[in-house]
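Engineer: Attaching a single structure in structure tokens format; questions to follow.
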């Protein structure tokens, strides 16, 4: 019984970390209309940044700063934000499709850099030597995982509340206005380029936060953790849950991560042995099919964007196609 | 005659570098009047208003507003100078409520925001009644009124209107143009591009006719409306059977 509970805690921790990442993407795509095809690069910047800044000295790669954990996590978020600021300055004037291609290229370059620049992050062997916070007091077992899950859950709730307030604020309305029509927003004296950059950086800092927590949870990060697959998983979570709706983003993260782990378990248990070699590929096909299927039959996701009628009014659902 | 509030001198502009649509176009907009720009399709009317609005690069010439050079300023920078631009279409945010659309326009109004909002609702009581409705649910005419209301909420001295009657019923088009006329009574200057020439000429004070990206004729709107040659060439008044 404790085994099942332990697994559920492990599952919920990973799903919650991914939910934070999906919330970051939702700010960029769901609220602002920025097609970030390089999600994993900002997630990775947070993970690598946190582990390099918070880890012990390791021969052969940068690190050993041993910062107090919250500072290391903030440093990882800042690394993601800095990268987003540079990438955003260069790419945010591009149209949706070109922005997606450009940011996807950034993610591929990031993975290649991490894989090849051994002096920076250990290359293919990854970053090691990170001591999880409070490990000495709580050990490595179930109690620690439960503690870490609570921490991640609290951060998820805080991120959700921050974004809900942001979206309901005048700045949030401005983001939606820019998503809808940049020219009209400019005609009202708004500077879409600056506001898009702010949203891109803020969303990427949240992606970096998720990456930092992910790296902390596993006390390790390598180029295998920043493959494009993760970008598509996070996108699938947002599309299925409902772009533009923070609850949808969290729901999508749990649903897709559940489907991913369940399909992996089912394939390994029930598929013929020679097919099990292709379990990973089958899962990718499933994720792709889910994205295509949702875009065809329910493009607004399971929990569509809600329109806040007024600060005192009741929310009403947006009509499909708007 | 009062000094023009806006002047364009020899403006050359277009969508693609080295391929100008407008060539050496000049105009002057007097204060608190409607200045109309008309011309056949492809004459460069919308290009001119977009160049003035900072949406297209000006490769030659100068645009001044109240004596200050505003050539090359971005649209959002022009708002701070007192110039509002109402695009032809997609000029409101359909997924937001009417009130939220207006709040966006009022965001920099500070302590003036409540008074400005009240002023806008006085002028557009239909919008006040529906302020919690989604803007996308409005009729075409009401959307144009909302777009104009949003422009007014920025307290402009000059409004650039790009074909505000496009796609509207004749009655709605008439209402929108008459409202533009009413705004001049409040001291607002209007630079208006219109395809609905006969209606617009009745309301405008001064008119510029463009063709092939150049100035052709300009003068008081009433004179141009009654000018037989102008009517035949530019206003479609040629009689059937005439050669």
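Residue numbers (my numbering), protein chains in the order written: chain A, 1 to 322; chain B, 323 to 565.
Note that beta-carbon positions come from the ideal geometry of N, C-alpha and C, so glycine has one too.
Just so we're clear, the structure is a prediction, and the values are computed from it rather than from any experiment.
#1: Where does residue 542 of chain B fall in DSSP's three states?
#2: Hey, which unbroken runs of the alpha helix (DSSP H) at 4 residues or more fall wholly within the stretch 173-203 of chain A?
#3: Check whether the Cβ of residue 75 of chain A lies closer than 8 Å to any Cβ atom in chain B.
#4: Tell me, please, whether the CB atom of residue 170 of chain A is closer than 8 Å to any CB atom in chain C?
#5: Would you mind telling me which residues of chain B sit closer than 8 Å to residue 191 of chain A, beta carbon to beta carbon, in chain order?
#6: Does any CB atom of chain B fall closer than 8 Å to the CB of residue 34 of chain A?
#7: Given this structure, state the Cα-to-Cα distance separating residue 277 of chain A from residue 253 of chain A, to the nearest angstrom.
#8: By DSSP's criteria, residue 511 of chain B is part of a beta bridge. Which residues make up the other side?
#9: Run through chain A and tell me which residues come within less than 7 Å of residue 427 of chain B, C-beta to C-beta.
#10: Suppose only complete runs of 4+ residues qualify. What are the alpha helix (DSSP H) ranges in the stretch 231-301 of chain A, listed by chain order?
#11: Counting Cβ pairs, one atom from each stretch, are 3 or more of them under 8 Å apart for the stretch 422-440 of chain B and the stretch 461-475 of chain B?
#12: Rounded to whole angstroms, what's the CA-CA distance from residue 149 of chain A to residue 494 of chain B? Just pull it up for me.
#13: Is residue 196 of chain A close to chain B, meaning its C-beta is less than 8 Å from at least one C-beta of that chain?
#14: Leaving aside the five residues before and after residue 438 of chain B along the sequence, list all residues of the same chain whose C-beta is less than 7 Å from its C-beta, in chain order.
#15: When you compare only the Cα positions, how much space is there between residue 89 of chain A and residue 191 of chain A?
#16: To which residues does DSSP link residue 350 of chain B through a beta bridge?
#17: Is the distance from the Cβ of residue 91 of chain A to the Cβ of residue 82 of chain A below 8 Å?
#18: Could you tell me whether the stretch 14-33 of chain A touches the stretch 207-220 of chain A, where touching means 3 or more Cβ pairs closer than 8 Å?
#19: Suppose you measure from the CA of residue 146 of chain A to the CA of residue 447 of chain B; what does that come to, to the nearest Å?
#20: What are the boundary residues of the beta strand (DSSP E) that includes residue 411 of chain B?
#21: If we define contact as Cβ-Cβ less than 8 Å, is residue 563 of chain B a contact residue for chain A?
#22: Pairs of beta-carbons, one from the stretch 388-403 of chain B and one from the stretch 196-204 of chain A, closer than 8 Å: are there three or more?
#23: Measuring CB atoms only, is the stretch 499-512 of chain B touching the stretch 330-342 of chain B, in the sense that at least three cross pairs come out at less than 8 Å?
#24: Does residue 164 of chain A get closer than 8 Å to chain B when you measure Cβ to Cβ?
#25: Return the chain-ordered list of same chain residues with a C-beta closer than 7 Å to the C-beta of residue 393 of chain B, the five sequence neighbours on each side being excluded.
#26: Which value, in whole angstroms, describes the spacing of the CA atoms of residue 549 of chain B and residue 521 of chain B?
#27: Excluding the five sequence neighbours on either side, which residues of its own chain have a C-beta within less than 7 Å of the C-beta of residue 263 of chain A, listed in chain order?
#28: Run through the DSSP bridge pairs and tell me what residue 528 of chain B is partnered with.
#29: How would you call residue 61 of chain A, buried or exposed, if buried means at least 16 neighbouring beta carbons within 10 angstroms?
#30: Any beta carbon from chain A within less than 8 Å of residue 479 of chain B's own beta carbon?
#31: My output table needs one value for residue 458 of chain B: the three-state DSSP class, helix, strand or coil.
#32: Can you grab the Cα-Cα spacing for the pair residue 553 of chain B / residue 434 of chain B, in whole Å?
#33: Look at the alpha carbon of residue 109 of chain A and the alpha carbon of residue 193 of chain A, and state the distance between them as a whole number of angstroms.
#34: Tell me the DSSP secondary structure of residue 74 of chain A in three-state form.
#35: Would the beta-carbon of residue 449 of chain B fall within 8 Å of that of residue 467 of chain B?
#36: Examine the Cβ distances between the stretch 232-244 of chain A and the stretch 120-140 of chain A and report whether three or more of them are shorter than 8 Å.
Structural biologist: For this structure:
#1: Locating residue 542 of chain B in the second chain gives position 220, where the first residue counts as 1. Strand.
#2: 182-187
#3: In the first chain, the residue the question calls residue 75 of chain A occupies position 75. So, not an interface residue.
#4: Absent from the structure: chain C. Protein chains present are A and B.
#5: Residue numbering aside, residue 191 of chain A sits at position 191 when the first chain is read from its first letter. Those within 8 Å of residue 191 of chain A in chain B are 396, 398.
#6: In the first chain, counting from the first residue as 1, residue 34 of chain A sits at position 34. With 8 Å as the cut-off, residue 34 of chain A does not count as an interface residue toward chain B.
#7: Stepping through the first chain from its first residue, residue 277 of chain A is reached at position 277. Stepping through the first chain from its first residue, residue 253 of chain A is reached at position 253. So the alpha carbons of these two residues sit roughly 26 Å apart.
#8: As a first step, residue 511 of chain B must be located in the second chain, where it is residue number 189. Partner(s): B/480.
#9: As a first step, residue 427 of chain B is located in the second chain; it is residue number 105 there, counting from the start. Chain A residues near residue 427 of chain B: 188.
#10: 246-270, 273-276, 279-297
#11: yes
#12: As a working mapping, residue 149 of chain A is identified with position 149 in the first chain. As a working mapping, residue 494 of chain B is identified with position 172 in the second chain. Rounded to whole angstroms, residue 149 of chain A to residue 494 of chain B spans 60 Å at the Cα level.
#13: By one-based count along the first chain, residue 196 of chain A stands at place 196. No, no contact with chain B.
#14: The residue given as residue 438 of chain B occupies position 116 in the second chain. Excluding sequence neighbours, residue 438 of chain B sits near 428, 431, 475, 477.
#15: To locate residue 89 of chain A, count along the first chain from 1; it is residue 89. To locate residue 191 of chain A, count along the first chain from 1; it is residue 191. The alpha-carbon atoms of residue 89 of chain A and residue 191 of chain A are separated by roughly 14 Å.
#16: Reading the second chain from its first residue, position 28 is the one you call residue 350 of chain B. Answer is B/329.
#17: Counting from one through the first chain, the residue named residue 91 of chain A turns up at place 91. Counting from one through the first chain, the residue named residue 82 of chain A turns up at place 82. For residue 91 of chain A and residue 82 of chain A, no; Cβs fall outside 8 Å.
#18: yes
#19: For the purposes of this step, residue 146 of chain A is taken as the residue at position 146 of the first chain. For the purposes of this step, residue 447 of chain B is taken as the residue at position 125 of the second chain. Their Cα atoms are separated by approximately 58 Å.
#20: Within the second chain, residue 411 of chain B is the residue found at index 89, counting from 1. That residue, residue 411 of chain B, is in no beta strand (DSSP E); it is neither H nor E in DSSP.
#21: Mapped onto the second chain, residue 563 of chain B falls at position 241. Any answer about residue 563 of chain B is weak, because its pLDDT of 46 lies below 50 and its placement is not dependable; what the coordinates show is given next. No - not a single Cβ of chain A is within 8 Å of the one on residue 563 of chain B.
#22: no
#23: no
#24: Position 164 of the first chain, counting from 1, holds the residue named residue 164 of chain A. Not an interface residue.
#25: Indexing the second chain from 1 puts residue 393 of chain B at position 71. 380, 384, 385, listed in sequence order.
#26: Residue mapping note: residue 549 of chain B aligns to position 227 of the second chain, counting from 1. Residue mapping note: residue 521 of chain B aligns to position 199 of the second chain, counting from 1. Spanning the two alpha carbons is a distance of roughly 16 Å.
#27: By one-based count along the first chain, residue 263 of chain A stands at place 263. Excluding sequence neighbours, residue 263 of chain A sits near 283, 286.
#28: Translated into positions along the second chain, residue 528 of chain B becomes position 206. Its beta-bridge partners are B/357, B/542.
#29: On the first chain, residue 61 of chain A is found 61 positions in, with the first residue counted as 1. The residue is buried, with at least 16 neighbouring Cβ atoms inside 10 Å.
#30: For this step, residue 479 of chain B is matched to residue 157 along the second chain. No - not a single Cβ of chain A is within 8 Å of the one on residue 479 of chain B.
#31: Sequence index remark: in the second chain, residue 458 of chain B carries index 136 (1-based). Of the three classes helix, strand and coil, the one that applies to residue 458 of chain B here is helix, per DSSP.
#32: Taking the first residue of the second chain as 1, we reach residue 553 of chain B at position 231. Taking the first residue of the second chain as 1, we reach residue 434 of chain B at position 112. Roughly 46 Å separates the two Cα atoms.
#33: What you label residue 109 of chain A is simply residue 109 of the first chain in a count that begins at 1. What you label residue 193 of chain A is simply residue 193 of the first chain in a count that begins at 1. Between residue 109 of chain A and residue 193 of chain A, the C-alpha separation is close to 25 Å.
#34: Residue mapping note: residue 74 of chain A aligns to position 74 of the first chain, counting from 1. The answer is helix: DSSP assigns residue 74 of chain A an H, G or I state.
#35: By one-based count along the second chain, residue 449 of chain B stands at place 127. By one-based count along the second chain, residue 467 of chain B stands at place 145. For residue 449 of chain B and residue 467 of chain B, yes; Cβs fall inside 8 Å.
#36: no
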